[in-house]
Amino acid sequence: DAGVIQSPRHEVTEMGQEVTLRCKPISGHNSLFWYRQTMMRGLELLIYFNNNVPIDDSGMPEDRFSAKMPNASFSTLKIQPSEPRDSAVYFCASRPGQGMTEKLFFGSGTQLSVL
Amino acid sequence: DQQVKQNSPSLSVQEGRISILNCDYTNSMFDYFLWYKKYPAEGPTFLISISSIKDKNEDGRFTVFLNKSAKHLSLHIVPSQPGDSAVYFCAASEGYSGGGADGLTFGKGTHLIIQP
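Respectively, the protein sequence lines represent chains A and B.
Just so it is clear: in the first sequence, position 48 is 48 by our numbering, and no numbers are missing.
So the mapping is simple: our numbering equals the position in the second sequence, first residue as 1, plus 115.
Below, the structure is given as structure tokens:
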């Protein structure tokens with residue numbers, strides 16, 4: 001199993017540009033999560049999906065952020081327009097089911113730098 | 116406000132000794148707790164977990180202790196090895212019993228450094 005795959009690994013962009021982060025969860029996993037890691041706030045949950053449906057997006061910081069999961073094998077996190085304070089590592093994670101005893105499997109993350 | 120707190124940003128321990136990482140939480144609805152380990156340029160990986168019906172869970176060199184009355188948990192690593200050098204995240208959820216919010220709430224992490 002290839003694990004959770006995120007792309008790109010690194011993204012450098014200028015303020016005001018649109019940024020799209022991509023995630024392929026582990027095949028067969030029903031839940032998908034987007035987290036953001038910063039020094040100040042640690043790992044924050046942005047949004048999660050169950051069976052491709054967004055369940056809780058209360059962690060999405062602003063309307064500039066949006067996430068989609070068009071099918072069970074693909075999700076995107078979009079920032080438009082991007083700002084320097086969006087610079088962080090963005091992680092995608094998946095889980096086999098909805099039971100909370102099931103641990104999350106994380107991708108390697110996307111390091112985003114907004115100049 | 117941080118519901119899961121790891122007050123030590125870093126910890127240095129000599130190889131072979133015990134490493135103790137601490138975590139405090141404020142949400143009394145949390146009933147399932149996990150520790151994740153993260154190496155540089157990699158995503159966090161699951162290490163060990165404990166539900167609120169237990170006060171101890173052991174897996175090899177790793178033991179997690181839960182003190183519900185103090186809202187405190189700790190991770191013990193014995194003996195510490197160089198490969199244990201990593202960032203350790205404490206996480207909690209309130210969904211074990213079937214209710215509450217989904218997803219995990221993480222602390223900011225503790226950077227453990229094992230010195231030879």
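From the three backbone atoms N, C-alpha and C, an ideal C-beta is built for every residue, glycine too.
Can you find a C-beta in chain A that's less than 8 Å from the C-beta of residue i?
{"i": "phenylalanine 148 of chain B", "result": "no"}
{"i": "lysine 232 of chain B", "result": "Because chain B in this structure spans residues 116 to 231, residue 232 of chain B falls outside the shown range and cannot be described."}
{"i": "phenylalanine 204 of chain B", "result": "yes"}
{"i": "threonine 141 of chain B", "result": "no"}
{"i": "leucine 219 of chain B", "result": "yes"}
{"i": "glycine 198 of chain B", "result": "no"}
{"i": "proline 159 of chain B", "result": "yes"}
{"i": "serine 125 of chain B", "result": "no"}
{"i": "alanine 156 of chain B", "result": "yes"}
{"i": "serine 167 of chain B", "result": "no"}
Could you tell me whether any Cβ in chain B is nearer than 8 Å to the Cβ of residue i?
{"i": "leucine 45 of chain A", "result": "yes"}
{"i": "glycine 107 of chain A", "result": "yes"}
{"i": "phenylalanine 91 of chain A", "result": "yes"}
{"i": "glutamine 28 of chain A", "result": "Per the sequence shown, the amino acid found at residue 28 of chain A is glycine instead of glutamine. No - not a single Cβ of chain B is within 8 Å of the one on glycine 28 of chain A."}
{"i": "glycine 97 of chain A", "result": "no"}
{"i": "lysine 68 of chain A", "result": "no"}
{"i": "lysine 171 of chain A", "result": "Here chain A comprises residues numbered 1 to 115, so residue 171 of chain A is not present and cannot be evaluated."}
{"i": "leucine 104 of chain A", "result": "yes"}
{"i": "glycine 63 of chain A", "result": "Here the sequence assigns aspartate to residue 63 of chain A, which means glycine is not the residue at that position. With 8 Å as the cut-off, aspartate 63 of chain A does not count as an interface residue toward chain B."}
{"i": "phenylalanine 33 of chain A", "result": "yes"}
{"i": "aspartate 56 of chain A", "result": "yes"}
Could you check how far apart the C-beta atoms of residue i and residue j are, in whole angstroms? I think they sit under 8 Å.
{"i": "glycine 96 of chain B", "j": "phenylalanine 91 of chain A", "result": "Absent from the structure is residue 96 of chain B, since the part of chain B shown begins at 116 and ends at 231."}
{"i": "isoleucine 229 of chain B", "j": "serine 195 of chain B", "result": "5 Å"}
{"i": "histidine 187 of chain B", "j": "proline 124 of chain B", "result": "So it is not a contact: roughly 18 Å between Cβ atoms."}
{"i": "glutamate 14 of chain A", "j": "leucine 104 of chain A", "result": "Actually they are not in contact, since the Cβ atoms of glutamate 14 of chain A and leucine 104 of chain A sit about 32 Å apart, beyond 8 Å."}
{"i": "glutamine 17 of chain A", "j": "glycine 107 of chain A", "result": "Contact flag wrong, Cβ pair sits at about 23 Å."}
{"i": "leucine 219 of chain B", "j": "alanine 201 of chain B", "result": "Contact flag wrong, Cβ pair sits at about 18 Å."}
Report the partner residues of residue i according to the DSSP bridge assignment.
{"i": "tyrosine 147 of chain B", "result": "B:Ser166, B:Ser208"}
{"i": "valine 53 of chain A", "result": "A:Asn50"}
{"i": "alanine 201 of chain B", "result": "B:Leu227"}
{"i": "valine 12 of chain A", "result": "A:Ser113"}
{"i": "glycine 42 of chain A", "result": "A:Thr38"}
{"i": "histidine 187 of chain B", "result": "B:Asp139, B:Asn182"}
{"i": "aspartate 174 of chain B", "result": "B:Phe177"}
### Task
Determine contact between the region 17-35 of chain A and the region 119-133 of chain B, defined as no fewer than three beta-carbon pairs at a distance below 8 Å.
no
### Query
Can at least three beta-carbon pairs, one atom from the region 170-183 of chain B and one from the region 191-208 of chain B, be found at a separation below 8 Å?
The region 170-183 of chain B, when compared against the region 191-208 of chain B, does touch it at the 8 Å Cβ threshold.
### the region 9-25 of chain A in contact with the region 106-113 of chain A per 3-pair CB rule at 8 Å
yes
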